[in-house]
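Worksheet: one structure, shown below.
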Amino acid sequence: MTSVLQAQGLGRKYGKRWALRECTIDIPAGHVVGLVGPNGAGKTTLLKLASGQLEPTAGGITVLGGRPAGGPAQLAKVGFVAQDTPVYTGLSIAEHLRLGARLNPRWDDGMARERIAQLGLDPAQRAGKLSGGQRAQLALTVGLAKRPELLILDEPVASLDPLARREFMQGLMEATVEHRFSVVLSSHLVSDLERVCDFLIVLVDSRVQVAGEVDKLMATHHRLTGPRRDPDRLPADQHVVSARHTDRQSTYVIRTDAPIHDPAWTVTQLSLEDLVLAYMDKRTADRRVALEVRR
């Protein structure tokens, strides 16, 4: 299957601090990818590397089979909507569309104008007079009208109210169904991703914790609750993602492809948010253990 993005040992350093490190992923084309993690995890750095705005400090990355921003043809294949959904406040909506047409050889002017009309926006209105949700929709329209093979969105709904977020995500999903392009969407709002994404990447502490198709991840992750048990007593094929204990009870989130037959455990399925939080909790637990060892 064709890969839309491949990274091998990818890293980016700012001074002495690694913003992203040891990132190895392979994203098949045709997916809506949710990139999730806490603030400062490296999401924006990864997306800027993928769009060619940054150069790697270590490792390598290819997007749609080429080097990010490797030339006009490569640039035309990738759309990017930044975190603050940038628009030019002094320009009208119509001027944004004319600018997009001049800068993008694959520009679909009919689609752009139709979408603006469907949103009920006045082409003569200046972007600075639009609401936050309307500015986000304008930025998305410009990104879509570029007709990219890959659309990258960095926290595009972070500052929007719930209704504007829902309208933005609905518009994005309708466009992906109609035009069949790949999407990489970063967010720390897992509830938004849960409705639209079929591939998940969790970034914590500048490293990829897990990556894969959502259906497969949900089928292979489970919560086990039962009498207190140390992790070394679990079967070797049950990889512990996170663990919590009381005096009498243990609760594990595990990853396994095998059936769970132990009658001592109550086995429950996870939501996508449960899965993401388990990997975040694992990193917190790892740091806590490391601190205890140093003491």
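Here the sequence shown is numbered in this note's numbering, starting from 4 and rising by one per residue. We put the beta carbon where it would ideally sit given N, CA and C, even for glycine. Bear in mind that the values here come from a model prediction, so they are computed numbers and not experimental data.
Residue i (DSSP reduced to helix, strand or coil)
i	result
residue 9	strand
residue 182	helix
residue 158	coil
residue 91	coil
residue 188	strand
residue 272	strand
residue 267	coil
residue 261	coil
residue 62	strand
residue 252	strand
residue 16	strand
residue 74	coil
residue 82	strand
residue 69	strand
residue 109	coil
residue 278	helix
Integer-rounded CB distance, given that residue j should sit under 8 Å from residue i
i	j	result
residue 90	residue 142	6 Å
residue 103	residue 149	7 Å
residue 206	residue 55	The pair is not a contact, with the Cβ atoms about 19 Å apart (cut-off 8 Å).
residue 242	residue 40	That belief does not hold up - the Cβ atoms of residue 242 and residue 40 are roughly 20 Å apart, past 8 Å.
residue 144	residue 118	5 Å
residue 268	residue 227	4 Å
residue 99	residue 130	7 Å
Neighbour-count burial assignment, residue i, 16 or more Cβ in a 10 Å radius
i	result
residue 180	exposed
residue 14	buried
residue 47	buried
residue 278	buried
residue 115	buried
residue 212	buried
residue 137	buried
residue 53	buried
residue 2	As shown, the chain starts at 4 and ends at 298. That puts residue 2 outside it, with no answer to give.
residue 82	buried
residue 261	exposed
residue 151	buried
residue 265	exposed
residue 37	buried
Residue i at chain D interface by Cβ criterion, 7 Å
i	result
residue 280	In the structure shown, chain D cannot be found, because there is only a single protein chain.
| request: Specify whether the segment 191 to 202 and the segment 164 to 175 touch according to this definition: at least 3 beta carbon pairs, one from each stretch, less than 8 Å apart. | output: yes
| message | List, from N- to C-terminal side, the alpha helix (DSSP H) runs of 4 residues or more that fit wholly inside the segment 22 to 56. | response | 46 to 53
| field | Uninterrupted beta strand (DSSP E) stretches inside the segment 191 to 246 (no shorter than 3 residues) | value | 202 to 207, 210 to 216, 224 to 230
| request: Would you mind listing the alpha helix (DSSP H) stretches within the segment 123 to 170 that are 4+ residues and don't spill past its ends, in chain order? | output: 135 to 148
| Looking at C-beta atoms only, is the number of pairs between the segment 158 to 167 and the segment 78 to 96 that lie closer than 8 Å three or more? | yes
| query | Does the segment 224 to 240 touch the segment 54 to 73, meaning 3 or more C-beta pairs lie closer than 8 Å? | reply | no
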